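Just so we're aligned, residue 129 is where the sequence shown starts under our numbering, counting upward by one.
Where a beta carbon is used, it is the ideal one built from N, C-alpha and C, also for glycine.
All figures in this text were calculated on a predicted structure; none of them were measured in a lab.
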Amino acid sequence: MSQVEDTSQDAGRPRADYSGYDAAAAEAKWQRFWAEDETFVAHDDDPRERRYVLDMFPYPSGDLHMGHAEAYAMGDVLARIWRMQGYNVMHPIGWDAFGLPAENAAIRNDEHPARWTYANIETQKKSFKRYGLSLDWSRELHTCDEEYYRWTQWLFLQFFDKGLAYRKDGYVNWCPTDQTVLANEQVKEGLCDRCGSVVTKRELNQWYFRITDYAQELLDDMSQLEGKWPDRVLAMQRNWIGRSEGAWVQFAIEGRDEPVTVFTTRPDTLYGASFMVVAPDAPLADEIVSDECRPAFEAYLEKVKKTNDIERQSTEHVKTGVPLGVSAINPVNGERIPVWSGDYVLSEYGSGAIMAVPAHDQRDLDFARTYGLPVRMVIDTGEPDPASSGIATTGDGDYVNSALLDGLSDVASAKERIIAKLEADGTGESAVTYRLRDWLLSRQRFWGCPIPIIHCPDCGEVPVPEDQLPVRLPDLRGEALAPKGVSPLAAATEWKQVPCPRCGGDAERDTDTMDTFVDSSWYFFRYCSPQYAEGAFRPEQVRLWSPVDQYVGGVEHATMHLLYARFFTKVLRDLGLLDFDEPFTRLLNQGQVINKGKAMSKSLGNGVDLGAQLDEYGVDAVRLTVVFAGPPADDIDWADLSPASSLRFLQRAHRLAQDVRAPHGADPSAGDKQLRKVTHRAIAEITELVAGGRFNVAVARVMELVNATRKAIDTTVGAADPAVREAVEFTAQALSLFAPYVAEEMWELLGGAPSIANSTWPTAEDALLVADETTMVVQVQGKVRAKLQVSPDITEDAALEMALADPNVQRALNGRPIRKTITKLPRMVSIVPGT
129 MSQVEDTSQD AGRPRADYSG YDAAAAEAKW QRFWAEDETF VAHDDDPRER RYVLDMFPYP
189 SGDLHMGHAE AYAMGDVLAR IWRMQGYNVM HPIGWDAFGL PAENAAIRND EHPARWTYAN
249 IETQKKSFKR YGLSLDWSRE LHTCDEEYYR WTQWLFLQFF DKGLAYRKDG YVNWCPTDQT
309 VLANEQVKEG LCDRCGSVVT KRELNQWYFR ITDYAQELLD DMSQLEGKWP DRVLAMQRNW
369 IGRSEGAWVQ FAIEGRDEPV TVFTTRPDTL YGASFMVVAP DAPLADEIVS DECRPAFEAY
429 LEKVKKTNDI ERQSTEHVKT GVPLGVSAIN PVNGERIPVW SGDYVLSEYG SGAIMAVPAH
489 DQRDLDFART YGLPVRMVID TGEPDPASSG IATTGDGDYV NSALLDGLSD VASAKERIIA
549 KLEADGTGES AVTYRLRDWL LSRQRFWGCP IPIIHCPDCG EVPVPEDQLP VRLPDLRGEA
609 LAPKGVSPLA AATEWKQVPC PRCGGDAERD TDTMDTFVDS SWYFFRYCSP QYAEGAFRPE
669 QVRLWSPVDQ YVGGVEHATM HLLYARFFTK VLRDLGLLDF DEPFTRLLNQ GQVINKGKAM
729 SKSLGNGVDL GAQLDEYGVD AVRLTVVFAG PPADDIDWAD LSPASSLRFL QRAHRLAQDV
789 RAPHGADPSA GDKQLRKVTH RAIAEITELV AGGRFNVAVA RVMELVNATR KAIDTTVGAA
849 DPAVREAVEF TAQALSLFAP YVAEEMWELL GGAPSIANST WPTAEDALLV ADETTMVVQV
909 QGKVRAKLQV SPDITEDAAL EMALADPNVQ RALNGRPIRK TITKLPRMVS IVPGT
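Listed below in structure tokens is the structure:
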């Protein structure tokens with residue numbers, strides 16, 4: 129199976145005779161070789177089958193940290209094995225380079241954000257190269273480069289032209305520290321996911337992407353991802369999209385010409401709707417509140433603005449509200465019901481109003497009991513009446529107090545009957561809604577992609593002509609970037625004031641920038657043709673490489689980046705730029721690297737400096753440690769790990785390559801059969817384990833092979849056996865997935881042509897996977913009496929002969945005749961004795 133080429137004529141290649149593994153020297157040597165040789169550059173004209181491996185690209189906030197160490201080692205395992213398996217592999221790298229950290233640093237240091245950004249990119253770039261990743265640096269990109277964000281702007285204009293980018297007024301999530309709006313997905317438990325500040329509400333006119341137009345398709349196409357994406361990511365997305373089936377119901381409001389339409393998943397409980405509740409920050413509340421109730425309502429609204437949606441939706445939150453002084457008409461029975469405003473209803477849910485059925489919804493019941501509102505049970509579940517018990521009943525039962533539904537007990541039939549009535553009366557219809565809201569993408573900060581729209585008092589919203597793209601950022605720095613509640617671009621008068629592209633009159637640029645998630649929603653397509661100047665990407669190159677075969681990143685992006693990228697892909701497909709539905713065929717999540725049971729942080733004093741670890745133990749030892757620590761998706765605690773042990777193991781493996789004495793071209797089949805069996809079982813198992821994402825177990829198999837090979841050299845076959853060369857060659861190849869530098873050193877010692885990344889991954893020989901012996905259990909009257917080592921192809925007669933010859937079996941039979949035997953060869957013989 130020898131994959132090693134004789135390179136004795138290669139006098140120009142750097143070479144050293146190590147008595148031990150010198151990590152620092154190996155790292156410098158092979159970094160230089162990979163760069164000069166362009167070992168990992170993917171070529172579009174390579175006819176081999178293509179594989180696209182992608183890691184979620186980093187934000188350049190500083191040097192690489194321990195989380196990077198784990199995340200990027202995982203993707204590299206797959207990129208390397210696929211390359212050795214004969215695929216044309218693209219494994220690119222770039223930087224998600226816009227964003228608040230750079231802007232905040234520029235304010236502190238009185239400089240332009242670009243200086244901080246590009247300086248950090250250079251630092252990270254050096255660390256990535258040191259880390260030995262098989263990256264294609266020819267495709268490097270930065271989202272803050274003009275040649276990139278030009279096409280982000282162009283894509284925005286395509287969305288705008290298609291009606292998928294629009295502006296509207298409304299209450300939005302506001303971070304008082306970062307002084308910018310946040311999408312719903314960027315609010316975690318009521319806090320800004322960037323700085324941790326409590327998020328409040330603010331009324332603004334903002335830009336949105338109409339992601340809700342694709343809500344059902346985003347759900348349906350998850351069928352393409354089943355078994356390829358982690359189940360929990362798909363579950364998180366399904367929950368976030370939140371499909372609900374029910375009905376739109378129209379309630380006439382006193383003093384309002386148009387009825388208010390509310391959505392309910394339980395139209396069958398309409399007879400129990402005894403009041404309505406409108407979100408305080410919904411425009412409807414301000415529109416319908418009576419003059420008498422307005423002062424109290426406006427004071428209440430100001431109070432609610434200081435809370436966030438998470439607090440308002442909490443089951444422990446004490447629900448508050450005020451009457452709006454108007455009544456609504458229940459469409460199924462004509463009953464006049466009071467309309468209130470309450471903080472537990474959100475403006476983004478439907479029309480911002482709900483029908484309250486307090487007997488069968490605990491939140492409604494709590495509100496009703498607080499303010500003395502009526503409670504009417506319409507489904508008798510056999511439980512106490514909620515009006516007296518204070519506990520809403522949510523189960524099935526007999527419909528009561530419900531006119532045409534009385535006597536029914538089937539929910540589906542009741543829904544069907546009530547919807548038919550609503551449709552016949554013209555007061556409602558069946559409907560499907562989604563929890564998902566449109567993507568709020570405006571940001572009131574400087575360091576982002578400018579929105580390419582010009583606002584003209586006569587022409588309205590006018591796209592910047594394509595030949596004027598990119599809309600470049602002006603030269604602002606330092607205090608000019610300080611957050612003021614509006615974008616710093618609003619104060620850049622010379623930049624902001626421009627003629628209207630349509631009428632030539634005075635107009636102004638949009639002064640908001642785009643959410644950085646817009647940049648990261650299409651970068652994986654740009655990698656396919658990063659220097660292309662005629663469009664966002666060259667469609668034929670995207671067809672060559674995409675969709676991404678393996679994506680690697682954190683589960684924290686399940687309802688942000690991953691959802692947005694899926695949305696972008698579907699829009700680009702509908703624009704005719706793509707011919708597939710999903711951007712990432714397979715997804716691998718990695719966990720966190722923690723320390724002493726907690727996430728690493730400066731305040732806790734438990735941070736681990738990646739650079740210091742690399743200096744002390746070497747890149748290979750750190751990479752091997754994080755991969756071996758556990759399954760990729762699990763968190764790993766650095767305090768429990770030992771890179772020193774990993775280094776000692778790598779040194780043992782390196783010594784194997786020094787000890788090999790079998791010549792080039794020696795036939796492995798002439799070598800020791802038992803060691804060959806160990807080697808080929810390792811080939812088969814490691815190939816399967818890596819394909820299944822069980823990298824830590826694959827490392828364990830490499831360790832077992834190293835131990836078996838050392839034992840063979842020292843105690844049985846010796847270093848000159850061809851089977852030893854075969855075992856060590858594969859050890860080096862397997863290690864190259866996890867510890868590339870020592871693997872290159874071993875390959876060189878074995879005489880292999882550089883780089884080991886270009887070697888051919890072996891295929892296990894089937895004949896060597898068949899066990900010489902297997903364990904056969906012998907039972908007498910159902911009890912195990914012996915375990916015998918037998919040939920896998922043993923015959924029934926031979927099996928019975930061996931079983932009956934065993935002394936323990938003979939004692940158990942005690943001379944009794946055999947009434948029956950049951951054999952399941954080669955694993956079991958069961959003997960039933962007579963009396």
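query                                                                                                                                                                           : result
Looking at the secondary structure, which residues open and close the beta strand (DSSP E) in which residue 391 lies?                                                           : 388-392
If you measure between the beta carbons of residue 564 and residue 311, is that distance less than 8 Å?                                                                         : no
Buried or exposed: residue 912, going by 16 or more other Cβ atoms within 10 Å of its Cβ?                                                                                       : exposed
Between the C-alpha atoms of residue 936 and residue 953, what's the straight-line distance to the nearest angstrom?                                                            : 20 Å
Whole angstroms are fine: how far does the CA of residue 264 sit from the CA of residue 885?                                                                                    : 13 Å
Could you give the uninterrupted runs of the beta strand (DSSP E) lying entirely in the segment 897-956, keeping only those of 3 residues or more?                              : 902-908, 911-918 and 946-952
According to DSSP, is residue 846 part of a helix, a strand, or is it coil?                                                                                                     : coil
Pick from 545, 172, 566 and 680: whose alpha carbon is nearest that of residue 557?                                                                                             : 545
Is it buried or exposed for residue 137, if we count other Cβ within 10 angstroms and need 16 for buried?                                                                       : Confidence at residue 137 is low in this model, with a pLDDT of 33, below 50, so the placement of that residue is unreliable and no value is reported for it.
Would you kindly work out how many angstroms separate the C-alpha atoms of residue 202 and residue 830, rounded to a whole number?                                              : 17 Å
So, with DSSP's three-state summary, where would you put residue 808?                                                                                                           : helix
Assign residue 133 to one of two classes, buried (16 or more other C-beta atoms within 10 Å of its C-beta) or exposed (fewer than that).                                        : Caution is warranted here: a pLDDT of 40 is assigned to residue 133, below 50, making its placement in the model unreliable, and the coordinate value is therefore given only provisionally. Residue 133 comes out exposed.
With the cut-off set at 8 Å, would you say residue 521 and residue 496 are in Cβ contact?                                                                                       : no
Looking at the unbroken beta strand (DSSP E) that takes in residue 220, where does it start and where does it end?                                                              : 220-223
Considering only the alpha carbon of each residue, which of 751, 314 and 844 lies closest to residue 327?                                                                       : 314
Using a Cβ-Cβ cut-off of 6 Å (strictly less than) and excluding sequence neighbours within five positions of residue 308, which residues of its own chain qualify?              : 571, 572 and 573
For residue 484, which residues of its own chain have a beta-carbon under 6 Å away from its beta-carbon, when the five flanking residues on both sides are left out?            : 403, 405 and 492
Within the same chain, show all residues whose beta-carbon is closer than 7 Å to that of residue 784, passing over the 5 residues directly before and after it, in chain order. : 834, 837, 838, 856 and 859
Report yes if the CB atom of residue 154 is closer than 8 Å to the CB atom of residue 744, and no otherwise.                                                                    : no
Starting from residue 296 and walking both ways along the beta strand (DSSP E), at which residues does that stretch end?                                                        : 293-303
Quick one: using the 10 Å Cβ neighbour count with 16 as the cut-off for buried, is residue 625 buried or exposed?                                                               : exposed
Compare the beta carbon distance of residue 865 and residue 208 with 8 Å and say whether it is the shorter of the two.                                                          : yes
I need the straight-line Cα distance from residue 772 to residue 748, nearest angstrom please.                                                                                  : 11 Å
Can you say whether residue 842 is buried or exposed, counting buried as having 16 or more other CB atoms within 10 angstroms of its CB?                                        : exposed
Would you decide whether residue 942 is buried or exposed? Buried here means 16 or more other CB atoms lie within 10 Å of its CB.                                               : exposed
Classify residue 498 as buried or exposed, calling it buried when 16 or more other Cβ atoms lie within 10 Å of its own Cβ.                                                      : exposed
Determine which residues share a DSSP beta bridge with residue 122 and list them.                                                                                               : Nothing can be reported for residue 122: it is not among the residues displayed for the chain, which extend from 129 to 963.
Are residue 184 and residue 728 closer than 8 Å when you measure CB to CB?                                                                                                      : no
Grab the span of the beta strand (DSSP E) containing residue 778 for me, first residue to last.                                                                                 : First-last for residue 778: 771-787, but that is the alpha helix (DSSP H), not the beta strand (DSSP E).
What does the alpha-carbon distance come out to for the pair residue 945 and residue 896?                                                                                       : 41 Å
Using three-state DSSP, classify residue 862 as helix, strand or coil.                                                                                                          : helix
Give a yes or no on whether the C-beta atoms belonging to residue 788 and residue 863 are separated by under 8 Å.                                                               : no
What three-state label does DSSP hand residue 440 in the structure shown?                                                                                                       : helix
Would you kindly report the start and end of the unbroken alpha helix (DSSP H) that includes residue 231?                                                                       : 228-237
Where does residue 710 sit, in a helix, a strand or coil, going by DSSP?                                                                                                        : coil
Take the Cβ of residue 373 as the centre, count every other Cβ of all protein chains shown within 10 Å, and call the residue buried at 16 or more, exposed below.               : exposed
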